[in-house]
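Residues 1 to 49, numbered by my numbering, are exactly what the sequence shown covers, in order.
Ideal Cβ placement from N, Cα and C applies to all residues, glycine included.
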Amino acid sequence: MLKAQLTHIDFLDEQIALLDEKIKRRILPFEEDLERLDTIPGVGRCTAS
């Protein structure tokens, strides 16, 4: 049972990594805007994305 849970966690980690890469590619055209938003206190890169 534990092995199944760990396998599922590994799968989810891979999916998260794939989605992170897709997001990075899609926000490239907005890099300047992201940098500006990142200067607002409380707004980090993840929130700005």
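Spanning the alpha carbons of residue 11 and residue 22 requires a straight line of approximately 17 Å. Within the model, the alpha-carbon separation for residue 1 versus residue 8 is close to 11 Å. Contact between residue 34 and residue 45 holds, since their C-beta atoms are separated by about 7 Å, short of 8 Å.
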